[in-house]
Amino acid sequence: MSDLSTKLGKLSLKNPIIAASGTFGYGEELAQFIPPEKLGAVSTKGLSLKPREGNPMPRIIETPSGMINAIGLQNVGIEVFIRDKLPYLEKHHAIVIANIFGNTLDEYVEIAKMLQPTSVQAIELNISCPNVKAGGMEFGNDPKMAAKVTEAVRKVFDRHLMVKLSPNVTSIVEIAKSVESGGADSLSLINTITAMVINTRTRRPMIANRVGGLSGPAIRPIAVRMVAEVFPQVKIPLVGIGGIVSLNDALEFFIAGASAVQIGTANFMNPSSSLQLLEDLEKYCSENSLNSIQEIVGTLQQN
Amino acid sequence: MKDQSCQVVYQKPLQGGYHQIGLKTDWTSFVPGQFGMLEVPQEQGVLLRRPFSFARQVGTTTEILYKAVGKGTIALSHVQTGRTLNLLGPLGHGFSIPSHSGDFVGVAGGYGVAPFLEMALQLQRKKIPLQLFYGARNKQDLLYLDEFRELGVTLHLSTVDGSEGYKGLITEFLANIYKNKKPDIVWSCGPMGLLQAVQTWGKAQNVLCELSVEETMGCGTGVCLGCVVQDIQGHYRRACVEGPVFDSKILKL
């Protein structure tokens, strides 16, 4: 069997398949289909300092080969996560990436401080959620703010720090470089793309929040392009996200420069899709005599 | 809850654009009100599975009633017998089924009638009578009537256009019949307006009502948080896990 293990800086993963934040709950919900320890890691639902109720309905709508969501970061809050949700993942020896979100820089720092004494192996900074009014988005849009929040969290959390980038920017490369200079250990990209669907009869947006984040295969070519753009410009590892369903989808991201990938919308389509992908990836490696999937990372050829 | 590849045992068009599809399952029972996430052919950019209430279980076949209205359900209506589709189920919490006789009332609107067929089957096995108030826009939209009559269900029908039964809303009909008496429980499934009317009536009459809500769903497994309903405290509850059947007293509809 081929070695699927992957290193993101100092963080070792048994394979390069990570459950994307917001599509895998807190790890227990889909355990019947995917034991969380089988994955490279699990990125939790976005966690805030206080519990959040999220946005009114309707929150999701299917679009051609994709979906728009505006959940509004409904979550149990960091305290309840640490007390009630984390023990399950610990018990199953899953690698946990706590995806965190703050309205202010201080909130990010506060949450990271609370995670420091826990067992979570990594933090994924969500500086790019399009569905909340304050906070996140402004950090993700502004290279200076993005660097500042990364630096601040870096100071209080000594394990792996991943920063999730927004595609809703003029230059993702510029943000990527700032975040790297702020001390990030890896970058995950991309978050969802701000999008809208209009009901032509009522002339109102179909999502209560007006806009939401587009995900799924529809955004994959954009995500692949962004990974390929960022890869030569930074030294830290990349984690590719965007509409990955099949083996070929994941391979595109590896070739573009991703050391690992996150599976999101596919978890909704089929709760065991990550395990299928893992199987296919193993098969691909042995059929192609790869000792490690890392051999193809960043091997994009020039035309 | 299981995710399985199910063979299509039958696929029958009914009147009014409705269809019934039978799927071979591992499970042999479900609670009326439970549902499944069914794969539909991924044509024209269709991505997600569709949530459908289970209508009845006969042996190892689960029947789903659906109306071909959107891209997904139209594609589903073209699926031939013998093909397999992935089905995740049975999901969620269904209606509370009594073990003793009483005055039990179902209130269905449109294809919200689906769970009441299994309900009627299960109650008939226990020799418990069911009163079903069933309303639709017109006669074409009233389904499973022969099945209900065979199962000994007392039917109270209404149509908005008066083409069958009481002319008007089914909840008005319910309120007329139950003017001077109280049922032990009311189960309801149908469009939001109907659920709201049942909730209001149930509160005024102090009758225990269980409502099955219909919401857009992404995953059916509780992770996408796309199908929530608000409770009276302002908290969101997931229709797919905590529901789809809720005590009407806790819901803010």
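Protein sequence lines, in the order shown, are assigned to chains B and G. No gaps in the numbering here: position 204 of the first sequence is 204 in my numbering, and each next residue is one more. No gaps in the numbering here: position 189 of the second sequence is 189 in my numbering, and each next residue is one more. Virtual Cβ for every residue (Gly too), placed ideally from N, Cα, C. These numbers come from a predicted model, not from an experiment.
Determine, for residue i, whether the minimum Cβ-Cβ distance to residues of chain B falls below 8 Å.
i, result
"Asn180 of chain G", "no"
"Tyr66 of chain G", "no"
"Leu225 of chain G", "yes"
"Glu43 of chain G", "no"
"Cys6 of chain G", "no"
"Val228 of chain G", "yes"
"Arg237 of chain G", "no"
"Asp3 of chain G", "yes"
"Arg149 of chain G", "no"
"Thr221 of chain G", "yes"
"Gly218 of chain G", "yes"
"Gly234 of chain G", "yes"
"Leu47 of chain G", "yes"
Buried or exposed: which applies to residue i, given that a residue is buried once 16 or more other Cβ atoms fall within 10 Å of its Cβ?
i, result
"Asp141 of chain G", "buried"
"Ile64 of chain G", "buried"
"Ser178 of chain B", "buried"
"Ala114 of chain G", "buried"
"Lys85 of chain B", "buried"
"Lys164 of chain B", "buried"
"Asn270 of chain B", "buried"
"Arg238 of chain G", "buried"
"Val58 of chain G", "exposed"
"Met162 of chain B", "buried"
"Glu150 of chain G", "exposed"
Within this structure, are the beta carbons of residue i and residue j separated by less than 8 Å?
i, j, result
"Gly212 of chain B", "Asn191 of chain B", "no"
"Thr6 of chain B", "Ile263 of chain B", "no"
"Leu115 of chain B", "Ala98 of chain B", "yes"
"Thr44 of chain B", "Val96 of chain B", "yes"
"Leu23 of chain G", "Thr61 of chain G", "yes"
"Ala218 of chain B", "Ser65 of chain B", "yes"
"Ser248 of chain G", "Glu214 of chain G", "no"
"Thr118 of chain B", "Ile82 of chain B", "yes"
"Ser166 of chain B", "Gly140 of chain B", "yes"
"Ser259 of chain B", "Asn267 of chain B", "no"
"Gly152 of chain G", "Gln196 of chain G", "no"
"Gly112 of chain G", "Cys227 of chain G", "no"
"Phe253 of chain B", "Val234 of chain B", "no"
"Ser101 of chain G", "Ile74 of chain G", "no"
"Asp103 of chain G", "Asp3 of chain G", "no"
"Thr159 of chain G", "Gly193 of chain G", "no"
If you draw a straight line from the alpha carbon of residue i to that of residue j, how long is it in whole angstroms?
i, j, result
"Asn176 of chain G", "Ser99 of chain G", "28 Å"
"Leu145 of chain G", "Ser53 of chain G", "18 Å"
"Leu189 of chain B", "Tyr26 of chain B", "21 Å"
"Leu169 of chain G", "Phe133 of chain G", "10 Å"
"Ala94 of chain B", "Lys14 of chain B", "10 Å"
"Asp185 of chain B", "Ala208 of chain B", "36 Å"
"Val224 of chain B", "Gly298 of chain B", "12 Å"
"Leu117 of chain G", "Arg56 of chain G", "6 Å"
"Ile255 of chain B", "Asn248 of chain B", "10 Å"
"Pro221 of chain B", "Thr265 of chain B", "15 Å"
"Phe231 of chain B", "Asn86 of chain G", "38 Å"
"Ser77 of chain G", "Asn55 of chain B", "34 Å"
"Ser289 of chain B", "Leu253 of chain G", "58 Å"
"Pro51 of chain B", "Val42 of chain B", "20 Å"
"Gln245 of chain B", "Glu282 of chain B", "Residue identity differs from the one stated: residue 245 of chain B is Val in this sequence, not Gln. Each residue's alpha carbon lies about 16 Å from the other."
For a cutoff of 8 Å on Cβ pairs, would you count residue i as touching chain G?
i, result
"Ala225 of chain B", "Here residue 225 of chain B is Arg; the residue named in the question, Ala, does not match the sequence. No, because no Cβ of chain G sits closer than 8 Å to the Cβ of Arg225 of chain B."
"Arg59 of chain B", "yes"
"Met162 of chain B", "no"
"Gly242 of chain B", "no"
"Ser188 of chain B", "no"
"Met67 of chain B", "yes"
"Gly213 of chain B", "no"
"Glu124 of chain B", "no"
"Glu62 of chain B", "yes"
Quick one: is the Cβ of residue i within less than 7 Å of any heavy atom of the ligand MG?
i, result
"Gln262 of chain B", "You won't find the ligand MG in this model; it holds no ligand whatsoever."
Residues of the region 24 to 52 of chain B with Cβ closer than 7 Å to any Cβ of chain G, in chain order: So the close ones are Phe24, Gly25, Glu29, Leu30, Gln32 and Phe33.
Chain B contacts from the region 104 to 131 of chain G (Cβ-Cβ distance under 8 Å): none
Residues, ordered as in the chain, of the region 83 to 94 of chain G that lie near chain B by beta-carbon distance below 9 Å: Near chain B, meaning a CB-to-CB distance below 9 Å, the residues of the region 83 to 94 of chain G are Asn86 and Leu88.
Residues within the region 69 to 92 of chain B neighbouring chain G, beta-carbon criterion of under 7 Å: Asn69, Ile71 and Gln74
Members of the region 180 to 214 of chain G near chain B, C-beta cut-off 9 Å: none
Against chain G: residues of the region 249 to 272 of chain B by CB proximity under 9 Å: Thr265, Asn267, Phe268, Met269, Asn270, Pro271 and Ser272
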